[in-house]
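Chains as they are written, first to last, in numbering that gives the first Met the number 0: chain Z, 0 to 438; chain F, 0 to 438; chain V, 0 to 438.
We treat Cβ as the ideally placed atom computed from N, Cα and C, and that holds for glycine.
In this text, all values refer to a predicted model and were calculated from it rather than measured experimentally.
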Amino acid sequence: MLEQLISRLDIVATGQQLHRLVSDLYPICRSISGDGVRQTLDRLRQEIPLEIQEIPSGTDVFDWKIPREWNINDAYIKDSRGVRIVDFNRSNLHVVSYSVPVRKKVSLEELKSHLFTIPDQPDWIPYRTSYYNETWGFCITHNQLRSMTDREYEVCIDSTLEDGHLTYGECFFPGETRDEILISNHICHPSLANDNLAGIAISSLLAQMLASAPRRYSYRFLFVPGTIGSITWLCLHEAQVANIRHGIVLACAGDAGCPTYKRSRQGNAEIDRAMIQILKESGGSHEILDFSPYGYDERQYCSPGFDLPVGCFMRTPHSQYPEYHTSADDLSFVKAASLGDSLAKCLSAIAILEGNRTYLNQNPKCEPQLGKRGLYSSFGGATDRKQREMAMLWVLNYSDGKNSLLDICEKSRLPFARVREAAVALEEHGLLKEASAAD
Amino acid sequence: MLEQLISRLDIVATGQQLHRLVSDLYPICRSISGDGVRQTLDRLRQEIPLEIQEIPSGTDVFDWKIPREWNINDAYIKDSRGVRIVDFNRSNLHVVSYSVPVRKKVSLEELKSHLFTIPDQPDWIPYRTSYYNETWGFCITHNQLRSMTDREYEVCIDSTLEDGHLTYGECFFPGETRDEILISNHICHPSLANDNLAGIAISSLLAQMLASAPRRYSYRFLFVPGTIGSITWLCLHEAQVANIRHGIVLACAGDAGCPTYKRSRQGNAEIDRAMIQILKESGGSHEILDFSPYGYDERQYCSPGFDLPVGCFMRTPHSQYPEYHTSADDLSFVKAASLGDSLAKCLSAIAILEGNRTYLNQNPKCEPQLGKRGLYSSFGGATDRKQREMAMLWVLNYSDGKNSLLDICEKSRLPFARVREAAVALEEHGLLKEASAAD
Amino acid sequence: MLEQLISRLDIVATGQQLHRLVSDLYPICRSISGDGVRQTLDRLRQEIPLEIQEIPSGTDVFDWKIPREWNINDAYIKDSRGVRIVDFNRSNLHVVSYSVPVRKKVSLEELKSHLFTIPDQPDWIPYRTSYYNETWGFCITHNQLRSMTDREYEVCIDSTLEDGHLTYGECFFPGETRDEILISNHICHPSLANDNLAGIAISSLLAQMLASAPRRYSYRFLFVPGTIGSITWLCLHEAQVANIRHGIVLACAGDAGCPTYKRSRQGNAEIDRAMIQILKESGGSHEILDFSPYGYDERQYCSPGFDLPVGCFMRTPHSQYPEYHTSADDLSFVKAASLGDSLAKCLSAIAILEGNRTYLNQNPKCEPQLGKRGLYSSFGGATDRKQREMAMLWVLNYSDGKNSLLDICEKSRLPFARVREAAVALEEHGLLKEASAAD
């Protein structure tokens with residue numbers, strides 16, 4: 000039972016385990032294609048049974064085409080004395096992702112048009128990409144830029160941009176039903192810890208836990224390059240999309256900010272309500288955002304032709320923290336406690352989806368006599384007794400075939416686990432029966 | 000007309016009359032069955048034409064069985080010198096209701112497991128029951144407990160628990176239609192003034208007033224033991240339940256707190272809206288609570304198999320005042336002013352139900368010329384003129400067959416009496432016609 | 000394009016132009032009939048192609064009858080020395096509108112029953128009418144009243160009340176469709192600047208602007224006497240009423256207060272949403288009022304037999320400013336800046352109605368690749384780029400045939416002009432297609 004998994008969860012230890020996985024993945028230079036993605040997926044295969052898919056460059060996927068594959072060996076800027084003043088080996092953020100190969104001497108003036116800095120944060124390196132516009136560039140700190148006074152520099156980007164493949168990983172666990180829960184992450188960012196190694200690590204551990212749990216739902220975990228990866232998956236699996244009942248995109252889930260949930264386009268889908276229920280139950284600060292067609296791969300899952308019930312779980316939303324898409328999104332920016340908490344919240348929301356049922360009170364006229372069945376004290380300690388009794392009364396009163404346990408939680412403001420526990424006890428005593436779709 | 004009854008109501012005198020009835024009923028030792036209930040109903044028969052029903056022990060009522068009948072003559076605890084230190088004759092709260100007979104000497108230690116006190120309120124006696132679990136017990140003040148130092152005491156409960164009857168009272172006034180308004184009270188509590196002699200007294204006077212009033216609706220007043228009584232009535236009258244259009248449970252309606260209305264399970268039934276309209280019109284502080292499946296007999300009326308539009312009128316909700324279910328819920332805790340106000344508010348809500356209609360404007364295209372019909376000054380004093388004119392304009396504009404007068408009140412924020420007065424005047428001038436169900 | 004008209008609008012100059020027109024119309028003595036109305040309409044014909052309609056007295060219009068026509072040449076009160084102490088030529092407010100002719104000597108006492116003042120504002124003259132009750136009266140300042148000490152006065156009202164006509168003006172511009180936008184004003188008030196010369200002037204300039212603009216909708220401007228005028232128009236054009244898709248009543252639209260919009264009876268009609276969108280976009284303070292069946296001619300347009308989507312645009316609502324219906328509602332009370340702003344807001348709301356469309360995303364599965372179409376930079380300056388991109392994403396995501404551009408504005412909180420600009424660009428690139436009614 001997921002409830003037991005959750006109650007036994009050591010959030011501190013789990014957070015540390017997640018942080019170690021983030022640390023392992025951090026040095027790899029990822030992009031939307033190339034060996035960095037393959038290395039990342041290889042590392043994840045040590046944790047979970049991941050299938051790796053390779054889609055050839057040039058394949059049409061809806062309105063898009065799989066781009067050429069990009070790989071990089073080395074890159075630097077040398078000053079007039081031949082000293083590497085910018086070195087890809089020190090940070091893979093230094094090279095604009097998808098930069099075409101270049102090796103030449105350039106004047107400082109020409110070079111400057113290929114340099115990107117953050118004047119407001121002079122010690123941070125920005126993160127830049129140019130996937131669909133062939134060019135090259137370097138990202139450096141603003142202090143580096145200021146110290147560059149030579150008239151000429153040597154630039155070298157030892158990269159390849161050639162026909163190859165788009166690579167992604169997929170992990171599927173069948174459940175009692177074909178209805179699926181989708182967990183999706185983007186895996187295309189280089190050394191950025193929160194965006195999105197945090198999500199990748201949490202997703203990986205969720206997969207590990209669900210692999211061995213009893214599952215009402217089937218689970219599909221996707222580790223895909225952002226945008227092009229989810230578009231590719233949707234295009235190649237269009238027939239299977241109808242199985243997706245609930246979904247979460249995990250992004251920026253490890254910083255110190257409070258948990259944030261962005262609703263699916265549907266706005267009040269079961270996943271939305273389950274996530275919000277968990278955030279409310281926690282009693283802690285949290286944010287709930289309406290859907291907007293901007294963000295991560297929920298943009299694709301929630302495009303109007305699919306309109307899937309897929310929300311996005313994060314902590315501080317992208318672009319609302321200054322470290323976003325800079326070298327300051329590093330291993331210290333991601334907190335073990337936040338990683339552990341994010342995992343626990345996702346798992347708890349999944350437990351709601353797994354446990355949510357709609358029942359029919361078998362004794363709907365007046366209350367049944369709970370006392371004669373020993374239900375007033377049959378389970379739990381004395382302290383919780385009042386809440387347990389209330390949960391039974393709420394479940395009995397609203398189990399009219401129209402209200403699910405989650406509906407009853409929302410009405411009663413009782414925790415889902417308590418309401419479900421009451422339902423299980425009442426069902427055992429023949430007072431509830433699951434409503435069929437026909438009811 | 001109920002409106003006239005209300006406008007002539009002397010709330011102070013009525014409150015005092017209600018308090019006298021509460022005082023008359025206060026000494027009687029009631030429980031869910033037995034002679035205390037019969038004495039209570041006999042006293043009420045001096046006020047209203049009550050029919051008394053007796054249902055044999057052992058009768059099945061839905062999931063329940065009518066319990067054996069409990070009666071008590073005397074009870075005491077004597078100390079080692081033979082002095083009655085706890086005496087049923089001083090307070091009928093001293094005995095746990097439905098205590099089985101006992102007469103023996105017990106050690107202090109054994110006795111303590113049968114004693115109930117309120118440590119936080121050392122001068123108050125708690126109220127306890129044990130209807131479905133055969134045991135005995137005494138409720139005493141915590142100060143009494145502290146002064147008990149003898150090694151041995153004599154306990155006596157001279158009670159009987161035998162096959163007999165469950166007793167309840169019912170009072171029915173037919174109206175123009177078979178549609179009923181139900182007013183229900185629990186009559187099973189011993190010397191507790193607010194819970195529920197206040198409700199019983201108000202209900203009794205409401206019945207007296209409605210007996211001689213013109214009635215669109217039929218009225219049914221129930222004076223029943225809590226839970227088992229309403230379950231019994233519902234079980235024995237299942238075929239009639241469909242006639243119940245609106246209902247109020249009256250409970251804890253006499254303390255100094257502000258009026259509180261708990262919505263029916265339906266949430267926005269006409270009774271809910273009428274009660275809330277009255278509370279808002281009053282301009283005074285008040286509370287409106289959502290339905291919850293806990294409280295008084297609305298639990299049974301609002302069980303999912305019935306789902307009747309029955310709300311609960313009270314002042315301070317049960318268990319939200321420290322005097323609740325203690326000897327401090329006495330005659331001084333119940334205020335004449337509150338009793339009078341509660342009655343006036345219930346009667347005003349009933350007047351809304353009686354007067355609420357849906358009309359069709361007979362001149363729906365543009366406004367009719369009110370001036371040529373003398374309607375701008377045909378009724379009322381000059382001070383209210385503006386509000387009267389506004390009421391006519393609101394009634395005309397929204398009498399499209401879709402909005403009742405109560406709907407129009409909610410939109411216009413005008414008092415119901417004003418809106419109804421306008422409708423009556425407009426109908427007299429042929430500008431309105433009652434909408435039939437077919438419209 | 001209306002958008003261009005709006006962006007080129009010089010609000011200061013326009014406000015001054017409007018104030019000049021108000022000033023021209025101010026001296027005329029208007030009432031619900033008579034030559035003052037004709038002079039007013041004649042002046043407006045210098046601005047717009049107005050058709051003038053004359054409806055004979057005695058004509059039945061729904062529940063009303065066209066009254067006799069009232070005209071006035073002179074009026075005064077002379078004191079015992081023959082001095083005109085009250086003179087119609089100084090202010091046409093001095094005579095109660097529709098006063099019957101009178102010429103006689105009266106005692107001060109008798110005269111007082113025909114005098115109206117505002118004790119709280121002793122220097123202001125009130126505005127009074129008596130259309131349907133034949134009498135005569137004078138409106139004077141309270142200070143004038145206090146200084147009247149003669150025993151006898153000569154009163155003269157040189158008026159006529161005879162069979163004649165009700166006069167109103169109408170101006171119609173056909174558009175691409177027969178669906179109409181109605182703009183209506185009352186023209187029956189004498190020298191009151193805000194009520195309603197402000198509305199008349201704004202309406203007149205709106206008509207001038209729309210006359211030469213491309214028009215999806217047809218436009219009907221009505222300049223009618225309040226109440227009887229709109230009733231007359233509705234009665235005589237009942238068959239055409241169904242063409243009215245949106246409407247605005249303009250009243251009290253020139254004082255210094257913030258803009259106020261009163262919703263139509265439908266409550267959330269497209270005109271309501273367009274007006275509210277404009278008020279919100281402005282970022283300035285504004286008021287939004289629910290419909291009530293009191294105010295100006297929206298009372299007739301929104302009567303239940305018509306229930307047209309007609310709201311009311313104003314600044315400070317009638318009777319909420321002390322100058323209302325007094326001589327203090329003069330040319331200084333109306334501000335050029337407010338007049339210009341009111342016109343701009345109405346025109347902007349009309350631009351929303353003209354531009355609002357519902358589209359179908361032609362690439363509904365995942366996002367289309369905007370970059371390859373140059374859509375990320377194809378229009379506008381760099382500063383607005385982010386907002387332009389967001390607008391495209393919102394339009395694409397919600398163009399599912401169920402959401403209009405106005406719906407998308409409300410969801411995205413983007414300005415309408417931005418959303419429409421995005422839709423136009425996307426449509427040009429074949430990514431959107433207008434949804435037909437059948438979709």
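Locate the beta strand (DSSP E) running through residue i, then write down its first and last residues.
i        : result
VAL85/V  : 83–86
TYR75/Z  : 68–77
VAL94/V  : That residue, VAL94/V, is in no beta strand (DSSP E); it is neither H nor E in DSSP.
GLY310/V : 309–313
Counting C-beta neighbours from all protein chains within 10 Å, is the total for residue i 16 or more, i.e. buried, or is it exposed?
i        : result
ASN142/Z : exposed
PRO121/V : exposed
ALA343/Z : buried
GLY354/V : buried
SER331/V : exposed
THR315/V : buried
GLY370/Z : exposed
ASN267/F : exposed
MET0/F   : exposed
GLN299/V : buried
GLY373/Z : exposed
GLU108/Z : exposed
So, under 8 Å CB-CB, residue i and residue j are touching, yes? Tell me the CB distance rounded to an integer number of Å.
i        : j        : result
LEU404/V : ARG419/V : 6 Å
ILE117/F : THR325/F : 6 Å
GLY168/V : ILE51/V  : 5 Å
VAL454/Z : CYS138/Z : There is no way to answer for residue 454/Z, as the model of chain Z reaches only from 0 to 438.
ILE287/Z : ILE275/Z : 6 Å
ALA250/F : SER341/F : About 11 Å; that fails the 8 Å criterion.
ALA434/Z : ARG417/Z : That pair is no contact at about 21 Å.
GLN99/Z  : LEU160/Z : According to the sequence displayed, residue 99/Z carries Val and not Gln. With a Cβ gap of about 6 Å, VAL99/Z and LEU160/Z count as contacting.
VAL333/Z : ALA197/Z : 5 Å
CYS155/F : TYR75/F  : 5 Å
Between which two residues does the alpha helix (DSSP H) containing residue i stretch?
i        : result
VAL105/Z : From DSSP, VAL105/Z is part of no alpha helix (DSSP H) but of the beta strand (DSSP E) over 101–106.
ILE5/F   : 1–6
LEU425/F : 415–427
GLU297/V : 297–300
Determine whether the Cβ of residue i lies closer than 8 Å to any Cβ atom of chain C.
i        : result
ARG127/Z : The structure shown has no chain C; the protein chains it does contain are Z, F and V.
Chain V contacts from the stretch 223–243 of chain Z (Cβ-Cβ distance under 9 Å): Answer in chain order: THR226, SER229, ILE230, LEU233, CYS234 and GLU237.
3-residue-minimum beta strand (DSSP E) runs that sit fully inside the stretch 215–294 of chain Z, ordered along the chain: Here the runs fully enclosed are 217–223, 243–249, 259–261 and 286–288.
Contiguous beta strand (DSSP E) assignments of at least 3 residues, all confined to the stretch 321–408 of chain V: The DSSP assignment places complete beta strand (DSSP E) segments of no fewer than 3 residues inside the stretch 321–408 of chain V at 357–360 and 399–403, in order along the chain.
Whole beta strand (DSSP E) elements within the stretch 140–226 of chain F, 3-residue minimum: DSSP runs (the beta strand (DSSP E)) wholly in the stretch 140–226 of chain F: 151–161, 164–172, 179–185 and 217–223.
Residues in the stretch 350–371 of chain V having any Cβ partner in chain Z nearer than 8 Å: Cβ contacts with chain Z: ASN360, ASN362, PRO363, LYS364, CYS365, GLU366, PRO367, GLN368, GLY370 and LYS371.
Contact list for the stretch 301–321 of chain Z against chain V, Cβ threshold 9 Å: Of all residues in the stretch 301–321 of chain Z, the ones placed with a Cβ closer than 9 Å to any Cβ belonging to chain V are CYS301, SER302, PRO303, GLY304, PHE305 and ASP306, in chain order.
Whole alpha helix (DSSP H) elements within the stretch 23–59 of chain Z, 4-residue minimum: Correct list: 34–44.
Short-range partners of chain V found in the stretch 57–69 of chain Z, where Cβ spacing is below 9 Å: Within the stretch 57–69 of chain Z, the qualifying residues are VAL60, PHE61, ASP62, TRP63 and LYS64.
Proximal residues, the stretch 271–296 of chain Z versus chain V, C-beta separation under 9 Å: Listed in sequence order: ASP289, PHE290, SER291, PRO292 and TYR293.
Residues of the stretch 167–201 of chain F with Cβ closer than 8 Å to any Cβ of chain Z, in chain order: Cβ contacts with chain Z: none found.
Residues from the stretch 387–409 of chain V in contact with chain Z, defined by Cβ distance under 8 Å: Under the 8 Å Cβ criterion, the stretch 387–409 of chain V contributes MET389, LEU392, TRP393, LEU395, ASN396, TYR397, SER398 and ASP399.
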